[in-house]
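Notes follow the structure.
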Ligand code: NOJ
Ligand code: CA
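In our numbering, the protein residues as written are 11 to 712.
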């Protein structure tokens, strides 16, 4: 690991009105910081000489504190640092990551209150990160946040790719509109989701991707969200300024802090090339290094699941349909009538194990294996899951032995139904049960209102829980993939056993009415900025009525597009989500899912435009093979891919999985063509993508 650290400390005596500038290592970004005449901090950001964040306020409002941390500040100390290191992630898009930034930290004092905070700015070649720090001191010990007042002033009416600023769901389709159009489109944007209370009709979620009229891409998000509430952004339409809006708790407060403490980093990525946003490691670099000494048990996973058949309604999670009439919590399931559609039964699970094993998968997820699903959607919440009691037709031991004999790991499922206290009470026994029964990873879920106090999914209380569950899992050498938890902010660097999250609209929504065909061209610029997503690709049967005659949904994607997702939607956890019988119909296309790597040495973002297309090439970790993925929006498109990233002098065989001429996400989604070609670093491939289509290419050394 190379490290360089230069500290240029400057001690300031009290300076009332103050201004200072800092440049990024490549000099393209310039930060300006100042205090105004009443001691309120402001910052602005320029990119290649153009203003991208206009003068924007900083500060925090506290409960029962008149002055708050808003004004009356004087600069006490300025400390400049430069940092440059290379570090190796446990898993990732690349085996080495450069962390290079220039930093300035301002110690700001409120003389009247005799207390101080620090605002720390880091400028990377891709943009800015900054945070508030609350050092330990006599006059700022324990405090409650009423609201954070961080602003991001936009310099124009940019195009934004946004979802509503909800406190409990991130599972929306994206709307593309001008900033000034957000409020008018807000209600439509909520359609199709179980909408919960919205804080404002202009509030949006991060990571927020934008594009200015002169072609500059701006991305706002946060990094290292810990012991703090999640930030949404509320647009003041008159000034086109986003204002931070933290998620409240059950009584309306926005965070309980005890110094020493820090806020998460607020991030602003800026570039005139959209691929720079995809390639950025700024979010990861703003997180603390790995805290786990032994990571030998953490491994990327390619998995299948007894899952899609429940999502589509072909089968059920619950064992019986008649439980609500039985006294909750004292149910002898073997005395209830099975509904005949319970998928998590030993015989059926073994068939999945056979298929997954035959085709080289690592693991199998089984949902609906444990008691409690009958009341899950009911009103009575006195019966919730205990995470250790299987249904009578699910033989844990037999399945475990069978899986082991076939070289398949079992993936546990913990649906908490939002009952976080109940989950925490059972967590140790649940993880111990996993250790005993040979489960090495868990998919957890937080569907529904947070019980018991009516907390929000993204408030400080729930956020503390999600991390508690991940840390405790590490004690048991368990990898976590949490659904409906808070959207990631790069914590995977610090806790690499957090191998996945959902926290956005995944493939399951194709079954709940369908997502827009260009959804997957936006997610890498938004949700994936914070970390990998368990998107669950690999659907080959797009007509859901074939699985369940009562569901007329259509998966808005071609098969080639589904294959490309394994490359474009980076994740160390990749699922082949469809049913074995659907793969059996298209074994030649399934070959790509079998071949594709899930851990990488290098990633090259070849071309990208949010909402339109993106093409990514990645080199498999410790291997010579490469994989390319392209996903396309609705307009059919031609492109050329130059293979100049291949090792010079080597010959490879490229297998191209492309949309057939007449393919279309709606009318002809299963039409694909597979061709092979000898290629070298001097080759260029000419390719076409259909509406809602794409291509996937494996390049194997010969
Ligand atoms: C929602 C999750 O996203 C889905 O994957 C899971 O099957 C259900 N909850 C049930 O836990
Ligand atoms: Ca979900």
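We put the beta carbon where it would ideally sit given N, CA and C, even for glycine.
DSSP places residue 435 outside any beta strand (DSSP E); the residue lies instead in the alpha helix (DSSP H), whose first and last residues are 430-447.
Rounded to the nearest whole angstrom, the C-alpha separation of residue 553 and residue 374 is 24 Å. Between residue 251 and residue 162, the gap from beta carbon to beta carbon is short of 8 Å. A contact is defined here as three or more CB-CB pairs under 8 Å, and the region 179-188 meets this definition with respect to the region 514-528.
For residue 67, the enclosing beta strand (DSSP E) covers residues 60-67. Counting along the chain, residue 530 sits inside no beta strand (DSSP E); it lies in the alpha helix (DSSP H) bounded by residues 529-532. Scanning 562, 573 and 555 for the CA closest to the CA of residue 530 turns up 573. The C-alpha of residue 609 lies about 13 Å from the C-alpha of residue 510. Cα atoms of residue 83 and residue 460: separation of roughly 39 Å, rounded to the nearest angstrom. The beta carbon of residue 487 sits closer than 7 Å to the beta carbons of 307 from its chain, once the five residues preceding and following it are set aside; these are given in chain order. Rounded to whole angstroms, the separation of the alpha carbons of residue 77 and residue 315 is 55 Å. Taking a C-beta distance under 8 Å as the contact criterion, residue 520 and residue 565 qualify as a contact pair. If you keep only unbroken alpha helix (DSSP H) runs of at least 4 residues inside the region 390-427, you get 406-415. For ligand 2, no non-hydrogen atom lies closer than 7 Å to the CB of residue 529.
If you keep only unbroken alpha helix (DSSP H) runs of at least 4 residues inside the region 311-384, you get 318-321 and 356-368. Each of 425, 455, 457 and 493 has a C-beta closer than 5 Å to some heavy atom of ligand 1; these make up the full list, in chain order. Between residue 621 and residue 528, the gap from beta carbon to beta carbon is short of 8 Å. In the three-state scheme derived from DSSP, where H, G and I count as helix and E and B as strand, residue 130 is classed as strand. Look at residue 516: its beta carbon is less than 7 Å from one of the heavy atoms in ligand 2. In this structure, residue 319 has its beta carbon at no less than 7 Å from each heavy atom of ligand 2. Taking a contact to require three or more Cβ pairs closer than 8 Å, the region 319-326 and the region 274-294 do not qualify as touching. Collapsing the DSSP output to three states places residue 252 in a strand. In the displayed model, residue 613 falls within a strand according to three-state DSSP.
When C-alpha distances from residue 346 are compared across 401, 326, 302 and 109, the shortest belongs to 401. Excluding five sequence positions before and after residue 443, the CB atoms of its chain that fall closer than 6 Å to its own CB belong to 398, given in chain order.
Close CB contacts of residue 437 within its chain, under the 7 Å cut and outside five residues either way in sequence, are with 479 and 482 (chain order). Excluding sequence positions up to five before and after residue 200, its CB lies within less than 6 Å of the CB of 174, all in the same chain and listed in chain order. Within 10 angstroms of the beta-carbon of residue 689 lie 16 or more other beta-carbons, which makes it buried.
The closest heavy atom of ligand 2 lies less than 7 Å from the beta carbon of residue 512. In the three-state reduction of the DSSP assignment, residue 196 falls in the helix class. Judged by DSSP in its simplified three-state form, residue 555 adopts helix. Residue 577 carries a helical assignment under DSSP once its states are collapsed to helix, strand and coil. Remark: C-beta atoms of residue 110 and residue 135 approach each other more closely than 8 Å.
Selection 421, 431 and 408 evaluated against residue 395 yields 431 as nearest (Cα-Cα).
In this structure, residue 639 lies away from residue 233, with their beta-carbon atoms at least 8 Å apart. Restricting attention to 270, 429 and 292, the CA atom closest to the CA of residue 279 is found in 292.
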